[in-house]
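Numbering (UniProt numbering), first residue to last: 1 to 499.
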């Protein structure tokens, strides 16, 4: 029995001479009542062909195949999908947020190590352990290997065989390479970590030539990748990291994104990440905006503007890194990076961590992975616990027009206010009146928790605050004494309505 939202794998025996992977060797049609899902199969070495499908509902499913190869055509079977054993894949929820298939909110607190897939042991396993222990739940890494600055390890295992003239032959994937990718996704998923898979990258620098594939070759590779990984509930797709470094027309990227959306039977999350030139994140194939901006989270009120431009989740996947290198993007202190995460959070956005301390190999963590060296990971794991404890789907700016306190939350339910890196001695109870949603009323009662974002503590104030002055744009509990704060510390406030 296959649990709902997990992988049901069909193993078939096909032609001894492999069907080239630049064509789909077979398609399986899965049926349950009026529901049908067509899933591409793929070659997995020798005469072995696989189909991977993730059932979305419990009950009996039947399937049949079609193929130009007689050995793979007209094969039929059935299986039963049982109760789910995990929360399922992640999709967009409540416009700017995410949720698992079972409805559980997913609040990404991400990390990055671009070249991790290509590292040897013990770094490969140490990375998974470090991510899980810190509490990260999304991890960005590349399928194709990276070259260039700070890259010290170049793998022998590469994704495709070569033609006689040395060009890559995408019709002959190296199965051991893609099985390693399968394993990476599953190992991370077993620890509760979503794989943000960077399909293409701009950092080949002439070493491998994988950035020189034609548009047709890109499409063949993408189809094969989707067939292998789409059924996993732990996969997100990112078309490319810093796509605009590559000299390709925008229309080509759009065609590849549209292809991705059309061939993925499980409709996993899709994005594309820029360096300087923004893509149009409002295109239908883009499910969420993956953004690089070094300044968006250094001040309040900036990141939330992206929500107005793109009515979908905003993930600031690169906001500079904690580290010790001279590059302007690589020497934030741990305190500064944690601060910027909290600024992103109350903007109703999400962010990704990166660490750029030089490792013993001469590389960086955000290149190769391994154990963390910085001060931010433990504090970002704490932020994730705060987010997971929310009783609302996600954080949205309450007064988007002009709130000097930049309070986020859900009107009249729960709020989060970040006071910055240098808290005052006390806070007087005040909430913004939302532009949308329920309006605050006199008599509404709230409890307040003081969150020390650096020292990772949550301290209930221990008394209720009752609104006694509700104005057009603000509401106050003027009869309540101010809340004493740890002055000078980085502090947030969680404000929850009680009946």
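Every residue gets a Cβ at the ideal spot worked out from N, C-alpha and C, and that includes glycine.
Checking 9 Å against the spacing of the C-beta atoms, do residue i and residue j come in under that value?
i: residue 226; j: residue 264; result: yes
i: residue 323; j: residue 357; result: yes
i: residue 71; j: residue 15; result: yes
i: residue 285; j: residue 258; result: yes
i: residue 178; j: residue 224; result: yes
i: residue 121; j: residue 153; result: no
i: residue 80; j: residue 2; result: yes
i: residue 445; j: residue 375; result: no
i: residue 54; j: residue 100; result: no
i: residue 161; j: residue 22; result: no
i: residue 342; j: residue 418; result: yes
i: residue 305; j: residue 320; result: no
i: residue 29; j: residue 63; result: yes
i: residue 273; j: residue 241; result: yes
i: residue 496; j: residue 407; result: no
i: residue 117; j: residue 191; result: no
i: residue 5; j: residue 86; result: yes
Between the alpha carbons of residue i and residue j, how many angstroms are there, rounded?
i: residue 423; j: residue 283; result: 41 Å
i: residue 189; j: residue 112; result: 16 Å
i: residue 472; j: residue 442; result: 12 Å
i: residue 430; j: residue 126; result: 45 Å
i: residue 10; j: residue 49; result: 8 Å
i: residue 92; j: residue 307; result: 14 Å
i: residue 66; j: residue 12; result: 12 Å
i: residue 292; j: residue 370; result: 23 Å
i: residue 251; j: residue 279; result: 11 Å
i: residue 373; j: residue 33; result: 53 Å
i: residue 204; j: residue 246; result: 10 Å
i: residue 172; j: residue 448; result: 60 Å
i: residue 346; j: residue 363; result: 33 Å
i: residue 239; j: residue 146; result: 15 Å
i: residue 270; j: residue 309; result: 18 Å
i: residue 45; j: residue 229; result: 16 Å
i: residue 69; j: residue 27; result: 11 Å
i: residue 88; j: residue 233; result: 6 Å
i: residue 56; j: residue 277; result: 37 Å
i: residue 158; j: residue 222; result: 16 Å
i: residue 123; j: residue 109; result: 22 Å
i: residue 253; j: residue 377; result: 34 Å
i: residue 329; j: residue 463; result: 43 Å
i: residue 501; j: residue 413; result: The structure shown has nothing for residue 501, since the chain only spans 1 to 499.
i: residue 37; j: residue 163; result: 35 Å
i: residue 477; j: residue 134; result: 38 Å
i: residue 485; j: residue 40; result: 58 Å
i: residue 460; j: residue 340; result: 24 Å
i: residue 395; j: residue 409; result: 4 Å
i: residue 482; j: residue 465; result: 10 Å
i: residue 255; j: residue 421; result: 44 Å
Name the DSSP beta bridge partners of residue i, please?
i: residue 80; result: 60
i: residue 168; result: 162
i: residue 361; result: Answer is none; residue 361 lacks a bridge partner.
i: residue 139; result: 111 and 195
i: residue 97; result: 93
i: residue 49; result: 12 and 43
i: residue 291; result: 316
i: residue 332; result: 322
i: residue 174; result: Answer by DSSP bridge pairing: none, since residue 174 is not bridged.
i: residue 23; result: Paired residue(s): none; residue 23 is not in a bridge.
i: residue 574; result: Examination of residue 574 is not possible in this model, given that the chain is present from 1 through 499 alone.
i: residue 106; result: 98
i: residue 500; result: With the chain covering only 1 through 499, there is no way to say anything about residue 500.
i: residue 3; result: 82
i: residue 498; result: 445
Does the CB of residue i have a neighbour CB from chain D at under 9 Å?
i: residue 413; result: Absence of chain D from the displayed structure is noted, only one protein chain being present.
(Q) To test your reading of the DSSP string, which unbroken beta strand (DSSP E) runs of 3 or more residues are found completely within the UniProt domain "DUF5605" (401 to 496)? (A) 408 to 410, 414 to 418, 430 to 432, 445 to 452, 457 to 466 and 474 to 476
Q) On the three-pair Cβ rule with 8 Å, is the region 293 to 308 touching the region 436 to 453? A) no
Q.
For a minimum of 3 consecutive residues, which ranges assigned as the beta strand (DSSP E) are wholly contained in the region 196 to 272?
A. 235 to 241
**Q.** Stretch pair the region 210 to 218 + the region 161 to 178: three plus CB contacts closer than 8 Å
**A.** yes
Q) Which runs of the alpha helix (DSSP H) spanning at least 4 residues fall entirely within the region 298 to 329, listed in chain order? A) 305 to 309
Q.
Within 8 Å, do at least three Cβ pairs link the region 392 to 402 to the region 429 to 442?
A. With the cut-off at 8 Å, the region 429 to 442 and the region 392 to 402 touch.
Q: Go through the region 340 to 395 residue by residue and report every complete run of the alpha helix (DSSP H) that reaches 4 residues or more, in order.
A: 365 to 368 and 376 to 388
(Q) Any contact between the region 182 to 199 and the region 137 to 151? By contact I mean 3 or more CB pairs, one from each, below 8 Å. (A) yes
Q.
Between the region 316 to 336 and the region 347 to 365, can you find at least three pairs of beta-carbon atoms closer than 8 Å?
A. yes
Q) Should the region 375 to 391 be regarded as contacting the region 82 to 92, the criterion being three or more beta carbon pairs within less than 8 Å? A) no
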